[in-house]
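Beneath this line is the structure, given in structure tokens, with notes to follow.
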Amino acid sequence: MIALLAGGIQAILFLPSLYLESAESHAAPRWSDFNGDRIWPAARWGLACRVALRLLLGSVYAAWLAACATAPPSGSTPTGSANRVHLIYVINHGWHTGIAIARNGLPAGQVPEAADFPGARFLEFGWGDRDFYIASRPTFLMALDAALTPSAAVMHIVGFVETPQKLYREREVLAVALSSMELELMIAQIDAEFDRSTGGQPVAIAGDSVSRFYPAHGQFHLFNTCNTWVARMLAAAGLPLSPSGVVTADDLMDRLSQSVAER
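Note that numbering that gives the first Met the number 0 has the sequence shown beginning at 0, numbered continuously upward.
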């Protein structure tokens with residue numbers, strides 16, 4: 000009980016500094032050259048996840064993670080390593096993670112949003128809180144709401160030409176080999192995450208020529224973060240990785256490294 004109270008007090012006291020950090024990063028946007036265009040720095044992608052992590056009570060978080068199973072999903076289908084000829088890339092942006100896929104690996108008729116990135120060789124997919132992600136000036140209340148209240152989500156796509164290892168050479172990038180069936184299963188799940196209820200056509204709600212946001216299914220909250228979402232996509236491919244208990248980027252990368260080693 001004392002540990003829980005201490006964790007709660009620590010989280011509450013830290014909120015003002017967290018908000019100042021968020022406001023600072025948005026008050027002076029830093030743009031970088033990106034295939035001849037401009038893109039918001041990847042640090043912004045993880046703001047909602049950063050809020051979630053900092054708000055999480057230490058004692059509750061530790062107990063919850065310890066109770067979560069890490070067994071592979073029951074639907075996992077082992078595939079011989081010789082058949083795994085397709086590489087996907089999981090990128091650790093610090094607090095946020097994303098999945099990059101070669102554009103030519105997308106099956107016909109799936110992820111029609113790819114048409115918005117005609118010059119891209121790779122597409123990176125992410126998922127997160129809708130209001131906080133697309134806001135040009137996120138507020139403290141928006142940050143708090145993203146972490147504590149289940150809220151609408153968006154899909155984020157970034158298109159680029161360079162390989163993920165080269166583009167993100169200063170970040171952790173883990174290449175994962177998949178078979179054709181595993182890749183199709185994962186892409187089918189990613190495709191199903193888009194909410195195309197408005198006529199069935201992809202409609203970007205924010206972004207530019209290299210980075211766009213789209214309506215998505217699901218709700219973002221403290222225990223269903225961007226990293227939980229990536230874990231679900233990898234599990235859909237049949238990787239022996241459970242999304243249960245995945246909150247932070249480190250949670251995901253540790254489990255993914257272990258699951259790759261076990262295959």
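Here a beta-carbon is modelled for each residue, glycine too, at the ideal position from N, C-alpha and C.
With a cut-off of 8 Å on Cβ pairs, the segment 129-138 is not in contact with the segment 94-109, counting fewer than three such pairs.
The beta carbons of Met154 and Phe193 sit closer together than 8 Å. Uninterrupted beta strand (DSSP E) stretches at least 3 residues long and entirely within the segment 187-253 occur at 210-219, given in chain order. For Leu122, there is no enclosing alpha helix (DSSP H); the residue is found in the beta strand (DSSP E) stretching over Phe121 to Asp128. According to the DSSP assignment, Leu173 belongs to the beta strand (DSSP E) that extends over Glu171 to Leu177.
Per DSSP, Leu86 is one residue of the beta strand (DSSP E) stretching across His85 to Asn91. Apart from sequence neighbours up to five positions away, the residues of its chain that approach Tyr167 with a beta-carbon distance below 6 Å are Ile90, ordered along the chain. Cβ-Cβ distances below 7 Å link Arg195 to Pro201 in the same chain, with the five nearest sequence neighbours on each side left out; the list follows chain order. Comparing C-alpha distances from Leu238 to each of Thr197, Ser258, Thr247 and Ser150 shows the shortest one belongs to Ser258.
DSSP places Pro111 in no alpha helix (DSSP H); its state is neither H nor E.
Residue burial is scored here from C-beta neighbours: Gly199 has fewer than 16 other C-beta atoms within 10 angstroms and is therefore classed as exposed.
DSSP places Pro163 in the uninterrupted alpha helix (DSSP H) bounded by Pro163 to Leu166. Secondary structure of Val153 (DSSP, three-state): strand.
In this structure, Glu183 is the residue among Glu183, Ser256 and Pro214 with its C-alpha nearest to the C-alpha of Arg83. In chain order, Pro201 place their CB closer than 6 Å to the CB of Pro111, counting only its own chain and leaving out the 5 sequence neighbours on each side. C-alpha of Ile156 to C-alpha of Glu171: approximately 19 Å in a straight line.
Cβ-Cβ separation between Leu105 and Ala113: approximately 6 Å, consistent with a contact (criterion under 8 Å). Note on geometry: alpha-carbon atoms of Met185 and Glu169 lie some 26 Å from one another. Under the 10 Å beta carbon count, Thr148 is surrounded by fewer than 16 other beta carbons and is classified as exposed.
CA-CA distance, Glu181 to Ala174, rounds to 14 Å. For Thr96, the enclosing beta strand (DSSP E) starts and ends at Thr96 to Ala101.
In this structure, DSSP gives Gly158 an extended state, which the three-state scheme calls strand. With a beta-carbon spacing of about 6 Å, Trp126 and Ala215 fall inside the 8 Å limit used to define contacts. Rounded to the nearest whole angstrom, the CA to CA distance from Asn223 to Met232 is 13 Å.
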